[in-house]
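Chemist: Next up is a structure, given as structure tokens.
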Amino acid sequence: MLAATGVERDGFAGSWYGGAHGRGPVPPPVRRAGRGGRRGATNAGRDRLTGVLRWLTSGESHGPALVALLEGVPAGVEVTTGEISAELARRRLGYGRGARMSFEQDEVEVIGGLRHGVTLGSPVAIRVGNSEWPKWRTVMAADPVDPDELARQARNAPLTRPRPGHADLAGMQKYGHTDARPILERASARETAARVAVGTVAKALVKQTLGIDIVSHVVELGPVVAKPGLRPRPEDAERIDADPLRCLDPEASARMVAEVDAAKKAADTLGGVVEVLAYGVPPGLGSHVQWDRKLDARLATALMSIQAIKGVEIGDGWYQARSRGSVAHDEIVPTATGVRRVTDRAGGLEGGITTGEPLRVRAAMKPISSLNRALATVDVTTGEPATAINQRSDVCAVPAAAVVAEAMVALVLAEATLEKFGGDSVAEIRRNLAGYLETLVIR
């Protein structure tokens with residue numbers, strides 16, 4: 001029996017077992033450390049009404065603001081509006097973004113749960129204002145507007161030619177609308193700004209309690225694939241953000257830029273694949289005991305919820321599917337201080353539980369469904385063939401999707417952290433973590 005206590009371990013750089021970004025700042029072990037707190041530490045029910053961490057967003061693309069609410073955040077997490085704004089600025093990065101990114105500003109206001117840069121333990125509420133709201137004040141007004149006034153608004157013209165690939169038609173059918181406006185306003189990827197806002201708080205939580213660092217990059221864009229095996233480290237984040245496509249491979253990035261230019265010239269759009277890595281994740285987050293407690297399932301759900309994401313891969317999942325078992329799995333070998341995995345194909349998850357190795361997930365984004373070269377559709381008012389509506393859009397938003405994916409991974413890890421370790425404050429979670437590490441064994 002090998003005890004996995006507070007010493008550095010051999011293993012992949014960035015794993016919990018060792019490396020520059022291994023286990024985070026952990027206080028001295030505390031015997032008999034409580035694991036309860038108001039949240040409970042034993043994978044308490046994950047029902048959205050009773051879960052240990054809940055997040056909701058509200059607002060429309062051209063409304064006055066987006067609002068995000070994050071409930072269950074412990075007291076003592078250090079985060080500022082400046083940090084939230086910086087993350088929102090990262091979401092606007094990427095070659096191939098549309099004109100909206102150049103003039104629309106994200107106006108951040110924290111309206112609850114934060115005082116002097118430290119969370120209080122109460123729900124964190126964040127408002128992300130829309131600088132374009134004055135242009136839409138009449139069209140998107142909450143209260144009734146005089147029909148004659150609406151008739152004079154060109155922006156209020158009914159959108160009756162739904163876009164293939166968008167939520168337009170399915171949403172109109174489901175909710176009984178004859179105009180796509182009520183659907184596209186909420187279905188828009190503008191909503192992800194609210195996710196990134198609360199994701200910033202989640203990032204701070206997992207960093208300050210467990211020492212987790214999260215980084216992302218673009219690995220595919222259209223037909224261009226980055227050099228395989230590239231694994232960015234947290235210290236690479238600034239260099240990645242400085243790249244026009246947030247790609248770690250400079251040669252591939254140049255070819256990606258050319259693909260974006262070609263797609264723009266052809267009035268077309270591009271999709272791609274992003275990868276998110278989390279370093280310093282301890283073993284034991286998630287569980288094998290029920291389908292909805294498996295951390296890989298929860299990560300897949302969170303990533304698939306991002307607009308335009310059509311597929312998720314955990315570790316080298318597709319490679320494993322094509323391989324024999326003798327080469328697909330990560331063999332485990334003993335070391336002087338514990339164990340390590342010879343390879344890293346599982347992506348830091350086995351049986352729905354984190355292993356202590358870096359967590360690695362990928363998400364595939366389809367091309368944006370708003371094209372300047374509009375596709376064929378049907379006008380719902382006449383039933384006749386038509387060309388789809390053409391809303392202002394990007395050529396490519398894959399780099400931005402990577403930033404949103406970081407936020408979703410952070411939210412899932414934050415929830416799993418609170419389930420496992422409980423606690424009403426950062427200090428209490430750290431004590432509970434220390435107690436867990438003191439008793440952690442590898443058999």
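Using UniProt numbering, the letters of the sequence shown map in sequence onto residues 1 to 443.
Virtual Cβ for every residue (Gly too), placed ideally from N, Cα, C.
1. Under 7 angstroms between the Cβ atoms of residue 403 and residue 90?
2. Using DSSP with H/G/I as helix, E/B as strand and the rest coil, what is residue 130?
3. Would you say residue 358 lies against chain B (beta-carbon separation less than 7 angstroms)?
4. Report back the beta-carbon spacing between residue 405 and residue 274 to the nearest angstrom; my notes put them in contact at under 8 angstroms.
5. Going straight from the alpha carbon of residue 56 to that of residue 194, what length do you get?
6. Skipping 5 residues on each side, what residues in its chain have a beta carbon closer than 6 angstroms to that of residue 24?
7. Quick check for students: name the residue ranges of the alpha helix (DSSP H) that lie wholly in the stretch 334-422, counting only runs of 4 or more.
8. If you scan the stretch 238-314 from start to end, which runs of the alpha helix (DSSP H) of 4 or more residues do you find wholly inside it?
9. With C-beta atoms as the reference, is residue 196 less than 7 angstroms away from residue 78?
10. Just the C-alpha distance for residue 321 and residue 345, rounded to the nearest angstrom, thanks.
11. The alpha helix (DSSP H) that contains residue 86, what's its start and end?
12. Pairing CB atoms from the stretch 63-83 with CB atoms from the stretch 113-130, are three or more of them under 8 angstroms?
13. Determine the closest residue to residue 409 out of 382, 333 and 299, with distance taken between C-alpha atoms.
14. Taking 7 angstroms as the threshold (C-beta atoms), are residue 425 and residue 75 in contact?
15. Residues in the same chain with beta-carbon distance under 7 angstroms from residue 369, minus the five sequence neighbours each way, listed in chain order, please.
16. Please go through the same chain and pick out, in chain order, the residues whose beta-carbon is closer than 8 angstroms to the beta-carbon of residue 331, but skip the five residues on each side of it.
17. Mind checking who residue 54 pairs with in its DSSP beta bridge?
18. Drop a sphere of 10 angstroms on the beta-carbon of residue 229, count the other beta-carbons inside from all chains shown, and report buried for 16 or more, exposed for fewer.
Modeler: A quick look at the data gives this:
1. yes
2. strand
3. The structure shown contains no chain B, having only a single protein chain.
4. 6 angstroms
5. 9 angstroms
6. Because residue 24 sits at a pLDDT of 47, beneath the cut-off of 50, its placement in the model cannot be relied upon, and the following sentence gives the value as read from the coordinates. Hits under 6 angstroms: 210, 211 and 280.
7. 398-421
8. 250-265 and 295-304
9. no
10. 11 angstroms
11. 81-91
12. yes
13. 299
14. yes
15. 163, 164, 165 and 166
16. 341, 342 and 343
17. 71
18. exposed
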